Each structure stands twice: as structure tokens, then as C-alpha cells.
Amino acid sequence: MSRRGPRNFAKLVFALGDADEPTDTDISHFRDRILTADPGDELLALWRRKLTAWDFEQSPAWSATTPRTPERRAEVYDKLAFHADLRKALDAAVPVHKEPGPVTISREFQPWYTREQAANRSFYWTSYEQLLRRKGWSDAAVSSLDEAAHAVVERLADPTRDDSYGARGLVVGYVQSGKTANFTGVTAKAIDAGYRLVIVLGGTLNLLRGQTQRRLDMELIGQENILGATDANDPDALVGIDYQDDEDWPAKFVSFGARPSTLGAFDIERLTSRDRDYMALERGISALEFEKPDRSRPLYDPANLHAARARVMVVKKNKSVLEKLVKDLKKMGPILGEIPALIIDDESDQASVNTTDPKKWEAGTVTRTAINGQISKLLKLLPRAQYVGYTATPFANVFVDPGDEEDIFPRDFLISLPRPTGYMGVQDFHDLDGVENGEGEAEKKHVRGIYDSTGDRLQEAMDAFVLTGAIKLYRVDHGVPEGPFRHHTMLVHESVRMAEHAALALRISTMWHNAAYTGPEGHARLASLFEKDFHTYADGALPTPATYADLKRYISRAHQLITKGGTPVIVVNGDSERDYAQPDLDFDRTPNVWKILVGGTKLSRGFTVEGLTITYYRRTTQQADTLMQMGRWFGFRLGYRDLVRLYIGREESLGRGRNAKTVDLYEAFEAICRDEELFRAELARYAPLVDGRPQVTPAQVPPLVAQHLPWVKPSARNKMFNAELVEVRSPGTPIEPAAYPQDAKMTARNTERWKSVLAAVSVAPTTCLLLPDDTSPLSRSFQAATTVVSHAQLLSTLSSLEWEDGNVLAPHLTYLSQLDGRLAKVDDWLVIAPQRTQRNRIEAAVLGQGPFSLFRRSRQSGKLSFGRISGLEHRLYAQQLIDRPDSTSAGDSSPVLGATRGVVLLYPVVEATHDDGVKAVAATGTAAADRVIMAFTVIPPKTAIDTKQRLVRFQTRDSTRPDAVIVNAS
16 MSRRGPRNFA KLVFALGDAD EPTDTDISHF RDRILTADPG DELLALWRRK LTAWDFEQSP
76 AWSATTPRTP ERRAEVYDKL AFHADLRKAL DAAVPVHKEP GPVTISREFQ PWYTREQAAN
136 RSFYWTSYEQ LLRRKGWSDA AVSSLDEAAH AVVERLADPT RDDSYGARGL VVGYVQSGKT
196 ANFTGVTAKA IDAGYRLVIV LGGTLNLLRG QTQRRLDMEL IGQENILGAT DANDPDALVG
256 IDYQDDEDWP AKFVSFGARP STLGAFDIER LTSRDRDYMA LERGISALEF EKPDRSRPLY
316 DPANLHAARA RVMVVKKNKS VLEKLVKDLK KMGPILGEIP ALIIDDESDQ ASVNTTDPKK
376 WEAGTVTRTA INGQISKLLK LLPRAQYVGY TATPFANVFV DPGDEEDIFP RDFLISLPRP
436 TGYMGVQDFH DLDGVENGEG EAEKKHVRGI YDSTGDRLQE AMDAFVLTGA IKLYRVDHGV
496 PEGPFRHHTM LVHESVRMAE HAALALRIST MWHNAAYTGP EGHARLASLF EKDFHTYADG
556 ALPTPATYAD LKRYISRAHQ LITKGGTPVI VVNGDSERDY AQPDLDFDRT PNVWKILVGG
616 TKLSRGFTVE GLTITYYRRT TQQADTLMQM GRWFGFRLGY RDLVRLYIGR EESLGRGRNA
676 KTVDLYEAFE AICRDEELFR AELARYAPLV DGRPQVTPAQ VPPLVAQHLP WVKPSARNKM
736 FNAELVEVRS PGTPIEPAAY PQDAKMTARN TERWKSVLAA VSVAPTTCLL LPDDTSPLSR
796 SFQAATTVVS HAQLLSTLSS LEWEDGNVLA PHLTYLSQLD GRLAKVDDWL VIAPQRTQRN
856 RIEAAVLGQG PFSLFRRSRQ SGKLSFGRIS GLEHRLYAQQ LIDRPDSTSA GDSSPVLGAT
916 RGVVLLYPVV EATHDDGVKA VAATGTAAAD RVIMAFTVIP PKTAIDTKQR LVRFQTRDST
976 RPDAVIVNAS
């Protein structure tokens, strides 16, 4: 049962058995073994691994079904010839993992890296896979990484191809979500396949570069390659060898048992080490001289390539370091054209992108920033180099000067990694589906706002830090593994100014020593905070003290760990390496880091704050990617995610003098998160192939996303996106504009255009019953005014609307206009105007019609866009009607939709931050047309598509350059 796919199991067992004749092909005993197997049973573990791998495999030759679906699993069982009882037993033991996989937007490419080829040359990948399993990774997590890494490598150029080609790609992960594990897997697969020079650009600080080097050495390169010919038992010979002072050496460093070259594989030579960045080739140019068994053939010829050692270096994004590397490579001569190379750029949106102003370039030349210029030189020197960027904030790579086609724009592929299982991310801190009144569940559990009325809450945040440390100690004593609790940290981020960091650290130290944590006053504060917060929101599946009295004895131990070394605070800032070489900040070599970290920018990019539980964040910035990278509170929080708290400024000052304004950092962060999530959702929607070809290529991503994020523009005024989005088709999927006009006259005209629909709406309430679903085990209902309008009437209304900054609805109208029978047939639309709950309802007539329930919405900070327009329950109900067009439920007075009726959710929206603003608009019983925004969500029926199922259509402005991203405006 190789990666060629599953085959008839009973026949295979017979073929591999010793019997001359089959005596029993009944495998019911196999089913019994599965049913009675313990969780650690080796046979069950093997089948869990195989079934998961087959479930996850993307586009295998043996299957046309969608991965991670019951249909794929059923096909596997069919090929194995398993009967129903055995299928049932295996499904119970190994459920189908339905979480989404990586999303790939790609050019068409020449397949070369097949599963068979990957299996035939897999020395380093197999070692890495085994290490991940030893670390406790689940089969699903390993298979997910396998598929994502395979998707990257198969889109690189074949390292043995005769003509040189350098692919450019981008992998988008989440902040602190395990991107390093992905590019370690990519490196393993790439060197197995034949790439012989790997250059990892590992951050702008040696601390970050050293972290990446250590991770690759520990998990991929291994003990034998680090030691080389050195005798591990000779202390004198080990002088100067890496990691002799590392508490994880050698136990946690991968070992192959012998030099890989003696095991039929090839060795890896490191050109950098943990403490030494690339300074120069220590053995001169000979360090990059590749051995060729057949000198008459080029290095990339298989006869030479697979016998050669691989070279790996992890270099800092520093101009002088990269200049030395470029200088040494230039001395190599023609051999550079033969070396299959891979350049991995960690945090590729930092320093790597060319941010110079194109308007200031001299005619015919491109002026580059320092790091970007050196990367460009590397790519020119190594014509067989593949460039893969990794980032959690992709907009810089995708949208900053994509017209520089010799640069690092991901012209070949863009891969969005799935949110990993167990990852604590945006959905855990923000209720992105919208909350009608007050706080949502995510905000209640984890977010503590800092307002003028609350004071700065810094003492409370420090108290929370002590409390959560004590709860971790309590959990260890009650059976929770202590590994994730080794480090316990709090991050305080108020400013980028180093002088302010020092003052803040002094203030925190003073507050700490006055806090009386082991005295009556301190215990009283902690007891109060425990009862009102941490006890209330504790995870019932984890041991938590029933009362503060049960926790009290752990407070002193937590206090002791935090004050170890004399101070609870570490200041992390500065531009020199010494600022980061503090022993108390070394998460790798220090047994326990229990500290409050005060810092700024340097505590964000690439720096993983281990054990982060309490964050105190009040720094303002107008840079979206900067704000996103500050989200250190995202990450894996095994055993303590219920303890994580974010104290964040909700009324912070930004700017000075006349330009000063008050900003809500929580809302600003949510707006950025929405953009990120929308970006990923758009990629996922258009990733499926149509007729075996991509619907969207990387060159078409900028104009596609620009339709949804109006601030995305080509970098120079004299250029435009080459691909123009013409049509977006949305069968069974909501179309919900968010950027409505701010101009009062335009708003009034748009409201007038809805008059005929409003006149048709019956004010007699209809009960809308939402059946139990994933969001709630209970049925729910709401009241709404409804009507049915013809397709022509709705299309006429939508087509007449005005928009600021371009018609955001245009590509959707192109689609909707064809639902008159040309593309598909939609007869009419059920219009639902939801009503707020009776307690919160504010009603007014609109254009003499109604009264209607008015809804309050506010725009995102600095944007035309509102947050989510439709309420969660309203949207779920509308989707329920679309998904079940031929059925209704008891108590629901809405009509059965049928296959040719769509749904419209219609909201008279008042732009306001509080209900008092809505009440003012409705004070006379009539809402003025210029104060009401008629916002809407349109959901076409699922049948509103043709048989080709294409969802997006572009046209090219310059047809002679179809792969160009931007072109000069005429």
C-alpha cells in the first residue's frame, strides 16, 4: 500500500504471505482486532497513519475525489475492498479529519515531483517526519505538513532539468503558528529531491538567525552532520563544536545512527553555525566546490547531483553579511549556473521587499533598498535558485511594486496554510461574525479593555500574571504535563521609545514590590480577580481550583519564580545584539523564564515569546502589517489557553495637535484581522481548478483582492493592475458589500432607490426559525418583515446604486444580470428585513414605509468599510434556506424557497457607535433618507451557476503580457 494509493487488501495479504493457496479471504478477524485495540496498538497506529495520509493527499493519480472528505475515505475503502462492518470499525477508530488543508493559487506547472519520486528519495524527510511523531504530533498534523510541503516543492523547478528556471513563491501562515516547521519540511523534501544549496534568510537579528539555525540543526541536519568527522567521545576534539553548552544536546537533536553518506544518502555541510553568521567561506571557495563523479556532465545531471553533499546556511538579513556572500559566490564562476539552489526568506515582508518610490527612479533603472538589492543579486547569480517567502502578513509581498518582475513577487505560486489545530488566533480574541449588543464570547473570555474610566489596569494585569502562574503550578500538581508551563511570561508594549521602556520597567518594578503579593492586601486582590475572572472562564476540562483558598499556597512559588534573579522585569529593546543576549531571555538554554518583558518593535518580528499568558498592549501605529505582527498573543497555548488575557487600549491618543485623535486598538486590530481573513477566504474560494486549469493565477490576486480591500492599489500612479476583474459568481454564497458611501446626498439617493422594495415589504412580522447547528444545539428564532420581489426588480435596484471609489458591486452585477436564463434562472428573491429583539428595538418609517427596525453599525477605523453587516443568526437562517431550498421547519412561517429563488437580507443602518445615535435618527418616528444606509446581503440559489462551475473571470489589459502583474496606464 504505497503512495500510489490503496489496493485490494485481501489480495495483497495473500500475495505477501507464505501460503501457496488462499484459504481464508474473510478479514473479519481484522475488524475484531481494530475494535478491541488499545489506543497505542501498533496495528491501529499504522492504519491511522495510512488512512490519514490517503485522506489528505492532494490530487493523487489514484483519486479524483476531494481530500479530507467522507467521499475520499469511501473511495479508499472501495479500493481496499473493505466490507461495511470493517469500514464502520475503522471510521470509529480513525475519523475523517475534515479541517481545511492548504490553499494554493498557482500558475500551471510541469509536474515532476510525484509521490513516487518523493518516496524513492526521502532520507531527510523520513527522519523529520519521525521526529515530529516523537514530539507528539498527531497523524493529521504530520499529514497536513506533508501535503503543504509537497505542494511547495512540486512547484519549484525540477533540479535536474536542462534549462534553468527560478520559481518565485510565497507561503502565508499565521502569526506564531509554526511556519518554521513548514519550511523545515520543505527544506528536507527539497534536498532529498536534489537541491544542493539552501540559503535561509533568518531575520534581522543574530538572535533570530541563531534560533532558526538551532531549529534546523536540531530537527533536520542532525548530530552526525554537525560533528562531521569529529569523534563525539573525544572532549578535546569537541572544543569549538556547536551546542556543547546546550542542555538539549545531544538528546533532542536528531540522530541518523551514522553519517548519512554511509547509509546510502548524502551529508549536509553547514556553512553557518548557531553562533557564527556567514562571514566568509571558512575553507575558502572549496567549501562550495561540488564533487562530480562524472566531470563531463553538469552538476544538475542525476549522475552527479544525488551523490553531492548539500550545503545549508542560515544568514541574517544584513547588508554586509549578504554582500560577503554575493562576493564569494561571484568567485565561483560558471558552476553557479549548475547549482540547484533554494532561498527561503523567513518573514519575507520584512526588509526583503523593495520599498523605494518608483517615481524617484532614474529612467530605465530600478533603485533597490539594501536587502532587496542583495537578494536580487543572489537570484541573478544563481539562475537555478528558487525563492520561497514565508510570512503571516502577506500584503507587502503581494502588493508592493509587483510590476518589478525581476524581483520577489510570487509569480508562480501563493500557498495559504490552514490554521493549525490547537492554535489560538484571531477567532479566539475577536467575534468576527458580529455581536448585536455588548461583548461577544471571545471578548468576554480573553479581552480586558483599557478605557479612561477604568484607569490603566496595569496592576490588574500584573495580578493576572501572578494568578495564572499559580494556576499553572496547580495544574502541574494535578496531572497536567509541565512542558508547556516551563516558561511563563507577560508582555508589556506601550511605546517604541527606549527611554520610555526604562521608565516603564522601573515603574513596574516599583509596583511589584509594593503589591504585597504574599500579604493580606495582595491575597485579597488576587482572590477578587480569581473569582470574577479566572474562575468564571476556566476550562472545565482542565483542573482549576474551586476557591482561591485552594490556590493560595501556589502564589508564593509563582512569586518566587518571577522574582528569580532579583527582578521581575526584563527590558528588551535596542539595535545591538547584546540587548538580546540576556541569559534570563534565552528560552532555549534557561530552564524557566518567568518574567515580565517590556519592549517595542524588537519583541514582535520573528521573536517567539514562550509561555506568553498576559499581554498589556497600548502602542498605536497606522501600519497594518506592523500592528498584525504585534499580535504576540497569538500562538499555541496548550494547557492554558483559558488563562490568556489581552489588556488593550480602547481609547488611545494617536498623533499630536490638530491631527490628534482617539483610537480603539482592539477595533483597529480587528479590522486588520478581517482583511487577513478575507484575503485567505478569497484565495480558498477561487483555488479549485476548472477543467484542470487554475481559475486565478498569482498575477490576478492583487486586482481580485483590491475589489474587497479598496486601499490596495498599484504602487505607482502611472501603472495599473494588468488583470481586470470582470465577474464574480456566488452561487449559494453571500454577496455582502461593506464599503457604503459617506456622502449624505449619495446616501439619500441610494435609499430612494430601494423605495419600491420597501413599499412591497409587509410590516406584519414573520417568525424565522433557525434550526440547531454547529453554533448552537438549540433552535432559535427572530422576527422579520418580508416580501418577494422579481429578479428584474432587484437587479434594477442594485444596478442603480452609487458607490464611492469605484463600483464595488460591478463584478457581482455582471453575474446577477445573467441569472435571467442566460447563465442560470432565478425567478425571484425573498427579501427579509430582520427586526431587533423587542428589548433593543428602535423603529422608524423610511420613505413613508414601515416602520422598520433600525440597526446600528460603525465603520472600521480609517476606512469606508463597516464590519460585518448581517447579524450571525440572520445570515445562518438565510443560508439554511439556501442550503435546504425544498424544505421548511415547524414554526417557521417563511415560504419554501425552491431552486429558483434567492434570499436578500435588508438592513436600514444608522452609522453610530451607541444606540443613542440611532434613537436620535428615529426621534420623530421617521428616519431621514440621508441618515439611513440601506445595507444588504444577497445570497443566490446554489443552482445559479452553469455546468463549468467557474466562479471568477478576468480580462487582461495588455494581452501581449498576460502574466504581467501591472502595466503602464495609457
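Reading the sequence shown from the start, the letters are residues 16 to 985 in the working numbering. Where a beta carbon is used, it is the ideal one built from N, C-alpha and C, also for glycine. All values reported here derive from a predicted model rather than from experimental measurement.
Asked: How far does the alpha helix (DSSP H) with residue 574 in it extend, from its first residue to its last?; Found: 563-577
Asked: Rounded C-beta distance between residue 116 and residue 433? I'm assuming under 8 Å.; Found: 6 Å
Asked: Would you say residue 170 and residue 155 are within 8 Å of each other, going by their C-beta atoms?; Found: no
Asked: From the DSSP output, in three-state form, read off residue 794 for me.; Found: coil
Asked: Judging by CA-CA distance, which residue of 921, 961, 778 is the nearest neighbour of residue 744?; Found: 961
Asked: In the DSSP assignment, what are the bridge partners of residue 609?; Found: 503
Asked: Consult DSSP for residue 659 and reduce its assignment to one of helix, strand or coil.; Found: coil
Asked: For the alpha helix (DSSP H) that contains residue 140, what are its first and last residues?; Found: 138-149
Asked: Counting only C-beta atoms, is residue 24 closer than 8 Å to chain D at any point?; Found: Among the chains of the structure shown, chain D does not appear; only one protein chain is present.
Asked: Which two residues bound the contiguous beta strand (DSSP E) that contains residue 404?; Found: 400-406
Asked: Roughly how many angstroms separate the alpha carbons of residue 809 and residue 747, rounded to a whole number?; Found: 17 Å
Asked: Would you call the segment 669-684 and the segment 493-513 in contact, with 3 or more CB pairs under 8 Å?; Found: no
Asked: To the nearest whole angstrom, what separates the beta carbons of residue 66 and residue 91, a pair I think is in contact under 8 Å?; Found: 7 Å
Asked: Starting from residue 226, follow the beta strand (DSSP E) in both directions and report where the run begins and ends.; Found: It is not in any beta strand (DSSP E) - residue 226 instead sits in the alpha helix (DSSP H) that spans 221-231.
Asked: To which residues does DSSP link residue 864 through a beta bridge?; Found: 861
Asked: Once DSSP output is grouped into helix, strand and coil, what is the label at residue 667?; Found: strand
Asked: Return yes when the Cβ of residue 509 is within less than 8 Å of the Cβ of residue 634, no when it is not.; Found: yes
Asked: At what residue ranges does the segment 748-819 contain a whole run of the beta strand (DSSP E), taking only runs of 3 or more?; Found: 777-785, 795-805
Asked: Could you pull the start and end residues of the beta strand (DSSP E) that residue 464 belongs to?; Found: 462-465
Asked: Between residue 39 and residue 47, what straight-line distance do the alpha-carbon atoms span, to the nearest angstrom?; Found: Residue placement at residue 39 is flagged as unreliable, the pLDDT there being 48, under the threshold of 50; the coordinate-derived value follows with that caveat. If I take the Cα positions, the gap works out to 16 Å.
Asked: Identify whether residue 187 lies in helix, strand or coil by the three-state DSSP scheme.; Found: strand
Asked: So, are the CB atoms of residue 845 and residue 801 less than 8 Å apart?; Found: yes
Asked: Candidates 685, 180, 629: which alpha carbon is nearest residue 883's?; Found: 685
Asked: How about residue 666 and residue 467: do their beta carbons lie closer than 8 Å?; Found: yes
Asked: Starting from residue 849, trace the beta strand (DSSP E) both ways and give me its first and last residue.; Found: 843-849
Asked: Return yes when at least one heavy atom of the ligand GTP lies under 7 Å from the C-beta of residue 456, else no.; Found: By its list of ligands, the structure shown contains no ligand whatsoever, and the ligand GTP lies outside what it can speak to.
Asked: How big is the Cα-Cα spacing for residue 230 and residue 692?; Found: 29 Å
Asked: Compute the distance between the beta-carbons of residue 969 and residue 923, then report whether it is under 8 Å.; Found: no
Asked: Using alpha carbons as the reference points, say which of 279, 288, 283 lies closest to residue 1012.; Found: As displayed, the chain neither begins before 16 nor continues past 985, which places residue 1012 out of reach and without an answer.
Asked: Between the C-alpha atoms of residue 640 and residue 514, what's the straight-line distance to the nearest angstrom?; Found: A caution first: residue 640 carries a pLDDT of 49, below 50, which makes its placement in the model unreliable, though a value can still be read off. Whole-angstrom Cα-Cα distance: 25 Å.
Asked: Would you call the segment 555-569 and the segment 478-495 in contact, with 3 or more CB pairs under 8 Å?; Found: yes
Asked: Tell me which residues share the same chain as residue 622 and place their Cβ nearer than 7 Å to its Cβ, disregarding the 5 neighbours each side in the sequence.; Found: 223
Asked: Let me check understanding here. Comparing Cα to Cα, which of 775, 876, 888, 750 lies closest to residue 823?; Found: 750
Asked: What does the alpha-carbon distance come out to for the pair residue 438 and residue 543?; Found: 30 Å
Asked: Indicate whether the contact test is met: 3 or more Cβ pairs, each with one atom in the segment 819-837 and one in the segment 852-863, closer than 8 Å.; Found: no
Asked: Mind reading off the beta-carbon distance from residue 718 to residue 742? Whole number of angstroms is fine, and I expect it under 8 Å.; Found: Not really, about 13 Å apart at Cβ, beyond 8 Å.
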